[in-house]
Amino acid sequence: MRFMTSLRFIDAVAREKSIRKAAEKLAITSTALNRRILQIEDEIGQPLFERLASGVRLNTAGELFVQHIRTQTAELARVQSQIADLSGIRRGHVRIASGADTMRYFLPETVARYRGEHPAVTFDLVRQSGDAAEQALRTLEADLALIFEPIKSADFQTMATARQQLYCMMSANHPLAKKPMIRLRDCVGQPAILPRADAGLRQLLNVGLIRRSVELGTVIESNSQEFLQNYLTHEMVISFQIPIAMPSDLITAPLKTSAIVARPVDLADVPAGILHIGQLKGRVLPVAAAKFLDSIITELGARYGDDIDQ
2 MRFMTSLRFI
12 DAVAREKSIR
22 KAAEKLAITS
32 TALNRRILQI
42 EDEIGQPLFE
52 RLASGVRLNT
62 AGELFVQHIR
72 TQTAELARVQ
82 SQIADLSGIR
92 RGHVRIASGA
102 DTMRYFLPET
112 VARYRGEHPA
122 VTFDLVRQSG
132 DAAEQALRTL
142 EADLALIFEP
152 IKSADFQTMA
162 TARQQLYCMM
172 SANHPLAKKP
182 MIRLRDCVGQ
192 PAILPRADAG
202 LRQLLNVGLI
212 RRSVELGTVI
222 ESNSQEFLQN
232 YLTHEMVISF
242 QIPIAMPSDL
252 ITAPLKTSAI
262 VARPVDLADV
272 PAGILHIGQL
282 KGRVLPVAAA
292 KFLDSIITEL
302 GARYGDDIDQ
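Residue numbering for the sequence shown follows our numbering, beginning at 2 and increasing consecutively.
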């Protein structure tokens, strides 16, 4: 809508912290964008940005104004979604912040299924974990967040949780592949490749290692789940993963010819981790986002049954 255009310009500059970069994204000239900002600042009676040598930065008034813009934009999106839903053709735009765990298999499958039923709904998915995902909800940059870490913000409203048992992954030729269940003591002396220390999965694993006074022979650390899984076919090492970040058939119906196998880690050693699905507390979601949230919960229930809490 035209009356929102100038406000979107302010929001774009705030995100980019640069008038030039924002102008490039908005496909207008820096001069025109700067003139529009000055006009808005004149109407408000206060500057919104501090001009720096490296770009611009919101001042206190600017932070208040941008939060107002994002609130109004989110509310407008919600109303537009409700109006569109009256026609029987669901429309809207769903924004999701999620860690790598759900980005690999779960969300592509769930989004594709939803868009198969509602092709007019568009999506924006950003890989963000923990604090960043919670912040995206607070600033209204995301409608939903899926987080496999302890929740820190009181503004996060948990809509569902899914318990995720830790699995040990390895080459099908690895000696531990013969075991139906892995104990942490089995892993002593085995070269291990692990997520970095800030990953929710690594934090979960560390709980078990401390509990059992076990140390792993870590030879590689990476924040790329793709690297960790693909490397298993190149060296006799072990790694760890949760079910939602693995192909579903790797657990439910593994092929005899599969190069990689996954074995559950005994819950007596490592407790199940918790995947949190939530939104900003007190916010009324647009129809498309609310319905997609329902789809997420339904799909999790179909996959994990009693391990889902709402």
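Where a beta carbon is used, it is the ideal one built from N, C-alpha and C, also for glycine.
Item, Value
"Assigned exposure category for His277 - 16 Cβ within 10 Å defines buried", "buried"
"In DSSP terms, what Leu53 is bridged to", "Gly56"
"Enclosing beta strand (DSSP E) for Thr162 [first to last residue]", "Phe157 to Gln165"
"Test item: CB-CB of Phe10 and Arg36 under 8 Å", "no"
"Residue range of the alpha helix (DSSP H) that includes Phe149", "Run containing Phe149: none; DSSP gives neither H nor E here."
"Cβ pair count under 8 Å reaching 3, the region 91-102 against the region 126-139", "yes"
"Within 8 Å, strictly: CB atoms of Ala54 and Arg92", "no"
"Per-residue burial, Gly209 [other beta carbons within 10 Å of its own, 16 or more giving buried]", "buried"
"Bridge partner(s) assigned by DSSP for Leu268", "Leu268 is not bridged to any residue."
"Asp12 vs Val67 beta-carbon contact at 8 Å", "yes"
"Rounded C-alpha distance that separates Thr74 from Ser19", "21 Å"
"Check whether Ala193 and Thr219 have beta carbons under 8 Å apart", "yes"
"Anticipated Cβ contact below 8 Å, Met237 with Ser172, distance rounded", "6 Å"
"With 16 other Cβ atoms within 10 Å as the buried cut-off, status of Gly306", "exposed"
"Range of the contiguous alpha helix (DSSP H) that encloses Thr32", "Ser31 to Ile45"
"Which of helix, strand or coil DSSP assigns to Arg71", "helix"
"Residue interval of the alpha helix (DSSP H) (run including Leu294)", "Val288 to Tyr305"
"Presumed contact (8 Å Cβ cut-off) between Val262 and Arg79, rounded CB distance", "With a Cβ gap of about 46 Å, Val262 and Arg79 do not count as contacting."
"Rounded distance between the beta-carbons of Gly274 and Leu205, thought under 8 Å", "4 Å"
"N- and C-terminal bounds of the alpha helix (DSSP H) containing Val127", "Segment Val122 to Arg128 is the beta strand (DSSP E) holding Val127; no alpha helix (DSSP H) there."
"Own chain residues within Cβ distance below 8 Å of Gly190, not counting five before or after", "Gly218"
"Close-in-space but distant-in-sequence residues of the same chain around Lys26 (CB under 8 Å, 5 per side omitted)", "Ala13 and Glu17"
"Own chain residues within Cβ distance below 6 Å of Glu158, not counting five before or after", "It should be pointed out that residue 158 corresponds to Gln in this sequence rather than to Glu. Result list for Gln158: Gly279, Gln280 and Lys282, in chain order."
"Closest Cα partner of Asp295 within the set Val271, Thr162, Asp199 and Thr61", "Thr162"
"Arg96 - partner residues in DSSP beta bridges", "Asp125"
"Host alpha helix (DSSP H) of Ala23 (start-end)", "Ile20 to Leu27"
"Neighbourhood of Val127 by C-beta, 6 Å cutoff - its chain only, sequence neighbours within 5 removed", "Ala98"
"Nearest neighbour of Asn224, chosen from Leu251, Arg71, Asp267 and Ser240 [CA to CA]", "Ser240"
"Rounded C-alpha distance that separates Pro248 from Gln242", "11 Å"
"Classification of Asp187 by the beta-carbon crowding that lies within 10 angstroms, buried from 16 upward", "buried"
"Same chain, Cβ closer than 6 Å to Leu8, neighbours up to 5 away in sequence not counted", "Ile70"
"Spatially closest choice to Arg212 from Pro272, Gly302, Asp144 and Glu44, by CA coordinates", "Pro272"
"Exposure of Phe228, with buried meaning 16 or more beta-carbon neighbours within 10 Å", "exposed"
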